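Visitor: Residue numbers (the working numbering), protein chains in the order written: chain A, 331 to 647; chain B, 2 to 539. Ideal Cβ placement from N, Cα and C applies to all residues, glycine included. Quantities reported herein were computed from a predicted structural model and do not represent experimental measurements. One structure, pasted below without further comment.
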């Protein structure tokens, strides 16, 4: 157990280091964005004096390392800064958006993870059967279309005929049930996009093991095929499956920009797109950092879970 | 004695698929087994032993199919029975013990969970009863800590113990028939004895019938009442064990019996500067010392056999000599001059002098390269041969290892048999024109007849090319046939070393004696005598 805690500690430290490197990259990249924020805010008619005053006020005249340091220390204290475009604290802007994004990601994950694991296990069990081929081709077809295309097709089929709304409008009065109903189409779109990857990995990881002597042993003990797969193959295939699930969950949080735009969903992705258009650098930085943290955290969790799933690492000789 | 027939196989034919074509693996074999009887199945790899053993459970591996004949188990036609009926027999009335217990136990579950699976799923007994039963069988299989060993994972248990745990698992439902598929082949000789004795006892106690599959005649002589010899999917002959050993009828059987007749002529004691001299080497990985103060010499035209159980440091010694593992203390001298400890500090000329041949020729040859490249690369790299000279050299080397150059030069390793692959391993080592070749268990993966060919070849090359061999093996029969000197290792220490004749005739150390006496002999009473001599219950 102590070994596991030590490993988690080490991975956390590594994760923090990664985040630090990412923060440098993010800051450096936003530095390269063209345009002058002060002019952007005040418009073309602004005089040189007012521009200079604004730059002074926003701290734009400080050298880059100083601004990076101010930004980093702020972030470490939980202060993401102030949006330059709206003058509101970024944590306030991001807060509800982050909740919405997490809701949609979890919603899509709750549909896609069980679905793809089940399909993957069944495809491995009945490999080379009609079921295997059909589920494979369908999943591949779904992943091959661009997200916005899938989204528009779903709107055409399921929204034009009035089953589900094509836009998500969240108000304080929206209940959880309403949310599930309104978000069904975006969640379904995301499910179709990520299922193929997870399903095929599950199938491959299990089939990879089916030639192992211990699988033959289980069959020679008279175990039924489903039990052989679930009890003897799946536990040994967990590590790759966990990792691919984690990668897809990270994608569900960070890669949903297009889907959010199509369904006018008020998530982090939309906010980021708006911020880039407005040259609202602090907001872009904050969101990029949140996305990076999501990746690092999910990978950390995946590493820990795969370790726990492997008795050879959990129970030393 | 007229006993009831338990298993009757008639005219069994099994085919295997390669590409789109089906080719025969078992060609019309008959087999009769009575209740409580042990039948030994013997033959080389590819003889169809395992396939036949599995067919006795009505089971064919993926890519194989049972295409003809009948399999009758206690009145049940296994070919006509449904898959569900066959499943209800497997693990319950017919059980299986696999060759490598380490690979055949599921790494994700504790031993006792795997033990209980068959009794619980087949509704033979409840989980609590099965757990209590497991402890009892673990005790009978003479496993240490029978109460606790079940709660370990497979990786926490040694190979010999796993093999016994697997036999206990096969016994869980008290089957009437057990198929043992080479259960001791992967074990050290000293461990093998314990497993053999435990298996034999438990089979007798429960009156279980068994099919014992092996390629080792001496082992089958201890275990079986009757022996059936297979060759390429057909029966050669079958007889009671004592009769078969005393007077084999067929030529093929006689040739199996005579395989270990090869012996390299005795060489005079070596003099002069040794090619390689290992001096007081201590080496290891991490915090652990695998080798402690190891010293020995290897002279030109001599073979030093390094023997010991797995984990005794044999291969680590080879890694020190080749420079893959720099020693912590001590040094390696080459022709009297110290070699740099790590391979990266050695010159190309120094590296050339010492080549290796590996146990698994399958994995030691790059499957994507043709023999021309496999053998040509060292010749090109070390000796700078090019064009016509290189081509001639490759052809010479192929002739040297008795493979026809025109036929083989452009083949891929996948198109060769196991013995041919190992010959390519030898040719690749020779291509560098070394003075020392380290052979790491080079014959362990091969059939006895093929082994003999490789040993003869190595011996001939040694005389022609003045080579020194370091021969790492746990097979003492091989040592007897080719070694000049023997180094016995145990837990990283040289226990005893000396000329082969002296060491075999009068071992000074207790461990050497234990090792030598553990090699099975072709006498059906050998195990009984040995156990009696060691004061254990026979």
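For the putative contact between residue 308 of chain B and residue 477 of chain B, defined by C-beta atoms under 8 Å, what is the C-beta separation to the nearest angstrom?
Guide: With a Cβ gap of about 6 Å, residue 308 of chain B and residue 477 of chain B count as contacting.
Visitor: Would you mind telling me which residues of chain A sit closer than 9 Å to residue 97 of chain B, beta carbon to beta carbon, in chain order?
Guide: Result: 546, 547, 550 and 551.
Visitor: Tell me whether residue 11 of chain B sits in a helix, a strand or coil according to DSSP, three-state version.
Guide: Note: residue 11 of chain B maps to strand in three-state DSSP.
Visitor: Given that residue 636 of chain A touches chain B, what residues does it touch there, using C-beta distances under 9 Å?
Guide: Correct list: empty, because the minimum Cβ distance to chain B is about 12 Å.
Visitor: Checking contacts by CB at 8 Å: is residue 542 of chain A closer than that to chain B?
Guide: Answer yes: the Cβ-Cβ gap between residue 542 of chain A and chain B drops below 8 Å somewhere.
Visitor: What is the C-beta distance between residue 517 of chain A and residue 441 of chain A, in whole angstroms, given that I count them as a contact (C-beta under 8 Å)?
Guide: The Cβ separation is near 6 Å, so the contact holds.
Visitor: Please list, in chain order, the chain B residues whose beta carbon lies closer than 9 Å to that of residue 578 of chain A.
Guide: By Cβ distance, chain B contributes nothing, its closest Cβ being about 24 Å from residue 578 of chain A, past 9 Å.
Visitor: So, are the CB atoms of residue 303 of chain B and residue 264 of chain B less than 8 Å apart?
Guide: No; because the gap between Cβ atoms is not below 8 Å, this pair is not in contact.
Visitor: Can you tell which of A:413, A:574 and A:540 has its C-alpha closest to the C-alpha of residue 614 of chain A?
Guide: Ranking the options by Cα distance to residue 614 of chain A, first place goes to A:413.
Visitor: Can you list the residues of chain A that residue 154 of chain B reaches, using a CB-CB cut of under 8 Å?
Guide: What residue 154 of chain B touches in chain A: 641, 642 and 645.
Visitor: Secondary structure at residue 238 of chain B, three-state DSSP: helix, strand or coil?
Guide: Residue 238 of chain B: strand per DSSP, three-state reduction.
Visitor: Could you tell me which of A:560, A:453, A:422 and A:405 sits nearest to residue 107 of chain B, measuring between CA atoms?
Guide: Closest by alpha carbon: A:560.
Visitor: When the Cα atoms are used, what is the spatial distance from residue 103 of chain B to residue 189 of chain B?
Guide: Residue 103 of chain B and residue 189 of chain B: Cα-Cα distance of roughly 14 Å.
Visitor: Return the first residue and the last residue of the beta strand (DSSP E) that residue 38 of chain B is part of.
Guide: Looking at the DSSP string, residue 38 of chain B is not in any beta strand (DSSP E), and its letter there is neither H nor E.
Visitor: Can you list the residues of chain A that residue 108 of chain B reaches, using a CB-CB cut of under 7 Å?
Guide: The answer, in chain order, is 566, 641 and 642.
Visitor: Are the CB atoms of residue 358 of chain B and residue 427 of chain B within a distance shorter than 8 Å?
Guide: Contact: yes.
Visitor: Using the beta-carbon count (16 or more within 10 Å), is residue 375 of chain A buried or exposed?
Guide: Looking at its Cβ environment, which holds fewer than 16 other Cβ atoms inside 10 Å, residue 375 of chain A is exposed.
Visitor: Any beta carbon from chain B within less than 8 Å of residue 534 of chain A's own beta carbon?
Guide: No - not a single Cβ of chain B is within 8 Å of the one on residue 534 of chain A.
Visitor: Just mark residue 339 of chain B as buried or exposed, buried being the case when its beta carbon has 16 or more other beta carbons within 10 Å.
Guide: Per the 10 Å Cβ criterion, exposed.
Visitor: Which of the three DSSP states, helix, strand or coil, is assigned to residue 177 of chain B?
Guide: If DSSP states are grouped into helix, strand and coil, residue 177 of chain B belongs with coil.
Visitor: Residues bridged to residue 491 of chain B by DSSP?
Guide: DSSP output for residue 491 of chain B lists B:494 as bridge partner(s).
Visitor: For a test of the three-state rule: what should DSSP assign to residue 389 of chain B, helix, strand or coil?
Guide: Of the three classes helix, strand and coil, the one that applies to residue 389 of chain B here is helix, per DSSP.
Visitor: Using the Cβ count rule (16 or more neighbours within 10 Å means buried), how would you classify residue 183 of chain B?
Guide: With 16 or more other Cβ atoms within 10 Å, it is buried.
Visitor: Examine chain A for any beta-carbon lying closer than 8 Å to the beta-carbon of residue 13 of chain B, and answer yes or no.
Guide: Residue 13 of chain B does not count as touching chain A.
Visitor: Within 8 Å of any Cβ in chain B, is that where the Cβ of residue 554 of chain A sits?
Guide: Judged by the 8 Å Cβ criterion, residue 554 of chain A is in contact with chain B.
Visitor: Going by the DSSP bridge assignment, what does residue 24 of chain B pair with across the sheet?
Guide: Answer is B:17.
Visitor: State the Cα-Cα distance for the pair residue 355 of chain B and residue 401 of chain B, rounded to the nearest angstrom.
Guide: Their Cα atoms are separated by approximately 19 Å.
Visitor: Go ahead and pull the three-state DSSP assignment for residue 253 of chain B.
Guide: Helix at residue 253 of chain B.
Visitor: Decide if residue 510 of chain A is buried, meaning its Cβ has at least 16 other Cβ atoms within 10 Å, or exposed.
Guide: Classification for residue 510 of chain A: exposed.
Visitor: Would residue 290 of chain B pass as a contact of residue 29 of chain B if the rule is Cβ separation under 8 Å?
Guide: Cβ distance not < 8 Å, so residue 290 of chain B and residue 29 of chain B don't count as in contact.
Visitor: In the DSSP output, what is residue 356 of chain B paired with across the bridge?
Guide: DSSP, once it has assigned bridges, lists B:438 as partnering residue 356 of chain B.
Visitor: If we ignore side chains and look at the alpha-carbon of each, how far apart do residue 531 of chain A and residue 574 of chain A end up?
Guide: For residue 531 of chain A and residue 574 of chain A, the distance between alpha carbons rounds to 7 Å.
Visitor: I want to verify the contact list: residues of chain B whose CB lies under 7 Å from the CB of residue 527 of chain A, in sequence order.
Guide: Chain B residues near residue 527 of chain A: none, gap ~24 Å exceeds 7 Å.
Visitor: Sorted by chain position, which residues of the same chain lie with C-beta nearer than 7 Å to residue 24 of chain B's C-beta, five sequence neighbours on each side aside?
Guide: Same-chain partners within the cutoff: 16 and 17.
Visitor: Take residue 629 of chain A and list the residues in its own chain whose beta-carbon comes closer than 7 Å to its own, dropping the five residues that flank it on each side.
Guide: Cβ neighbours of residue 629 of chain A beyond the five flanking positions: 576.
Visitor: Under 8 Å, Cβ to Cβ, is there at least one residue of chain A near residue 91 of chain B?
Guide: For residue 91 of chain B, the answer is yes, since a Cβ of chain A falls inside 8 Å of its Cβ.
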